[in-house]
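When we follow the numbering used here, the leftmost residue of the sequence shown carries the number 50, and every step to the right adds one.
Where is the CB? At the ideal position from N, CA and C, for every residue including glycine.
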Amino acid sequence: MGLLEEIEAIRQLKYRYLRAVDLKDFALLESTFAPDAVSAYDGGRQILEGRDAIVGWLRNAIEHPFVTLHQAHHPEIELTSATTARGTWYLEDRVINPGPARPEMPARSILSGAAFYADEYEKRDGAWVITRTGYERTYFEIRPFEPPGTWYSRWEA
Numbered sequence: 050m051g052l053l054e055e056i057e058a059i060r061q062l063k064y065r066y067l068r069a070v071d072l073k074d075f076a077l078l079e080s081t082f083a084p085d086a087v088s089a090y091d092g093g094r095q096i097l098e099g100r101d102a103i104v105g106w107l108r109n110a111i112e113h114p115f116v117t118l119h120q121a122h123h124p125e126i127e128l129t130s131a132t133t134a135r136g137t138w139y140l141e142d143r144v145i146n147p148g149p150a151r152p153e154m155p156a157r158s159i160l161s162g163a164a165f166y167a168d169e170y171e172k173r174d175g176a177w178v179i180t181r182t183g184y185e186r187t188y189f190e191i192r193p194f195e196p197p198g199t200w201y202s203r204w205e206a
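Written out as structure tokens, the structure reads:
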């Protein structure tokens, strides 16, 4: 593969990661990480070692009834060797809690925010995987959530 094909493969990896988070597809999410991956979410306040720990933490953080939206824009991807790369992404996210309070969010609230992801990748067995990820927020706000009219999410009965 050429340089642009490698960069596109890394972009597709990040897009799969984001889709897996928002669809709560934890098998797909697992496939985006190396077994020995490390994460440092929220500016390093939440450091996790190993794919199982990362996916387990994310599963708990976004489980039903939370509904999430994660969009990563403006990728800056640099191949540091034939099998390693790093990337910076601008994240825009929204987390809706239509249910009861949880330690990280009040009842019936919505979090809107932005952050910068810093990722590292390795090409293993011919496929790119995330070996290190994390973000540092530029801002977030939490507001009351009172849906007007009909409220629907794919996880509601």
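Requested in this report: Please confirm whether Y139 and H113 have their CB atoms less than 9 Å apart.
Outcome: Taking the sequence shown and counting its residues from 1, one reaches residue 139 at position 90. Taking the sequence shown and counting its residues from 1, one reaches residue 113 at position 64. Remark: C-beta atoms of Y139 and H113 do not approach each other more closely than 9 Å.
Query raised in the report: L140 bridges to which residues according to DSSP?
Result: Start at 1 with the first residue of the sequence shown, and residue 140 comes out as number 91. Paired residue(s): A121, A164.
Query raised in the report: For T182, is the classification buried or exposed, using 16 other Cβ atoms within 10 angstroms of its Cβ as the cut-off for buried?
Result: Reading the sequence shown from its first residue, position 133 is the one you call residue 182. With 16 or more Cβ atoms within 10 Å of its Cβ, T182 is classed as buried.
Report task. Would you decide whether W204 is buried or exposed? Buried here means 16 or more other CB atoms lie within 10 Å of its CB. Result -> Sequence index remark: in the sequence shown, residue 204 carries index 155 (1-based). Its Cβ having fewer than 16 others within 10 Å, W204 is exposed.
Query raised in the report: Does the distance from the C-beta atom of E190 to that of G162 stay below 9 Å?
Result: Residue numbering aside, residue 190 sits at position 141 when the sequence shown is read from its first letter. Residue numbering aside, residue 162 sits at position 113 when the sequence shown is read from its first letter. For E190 and G162, yes; Cβs fall inside 9 Å.
**Report entry** Limits of the unbroken beta strand (DSSP E) element including G183
**Finding:** The count along the sequence shown starts at 1 and reaches residue 183 at position 134. 176 to 193 is the span of the beta strand (DSSP E), which, as asked, contains G183.
Query - At least 3 beta-carbon pairs within less than 8 Å: the stretch 69 to 79 vs the stretch 116 to 131 - result: yes
Query raised in the report: Are the CB atoms of K63 and D142 nearer to each other than 9 Å?
Result: Position 14 of the sequence shown, counted from the first residue, corresponds to residue 63. Position 93 of the sequence shown, counted from the first residue, corresponds to residue 142. Not in contact: K63 and D142 (Cβ atoms no closer than 9 Å).
**Report entry** For K172, the nearest candidate out of S130, M154, V144, S202 (CA to CA)
**Finding:** One-based indexing of the sequence shown puts residue 172 at position 123. When only C-alpha atoms are compared, the closest one is S130.
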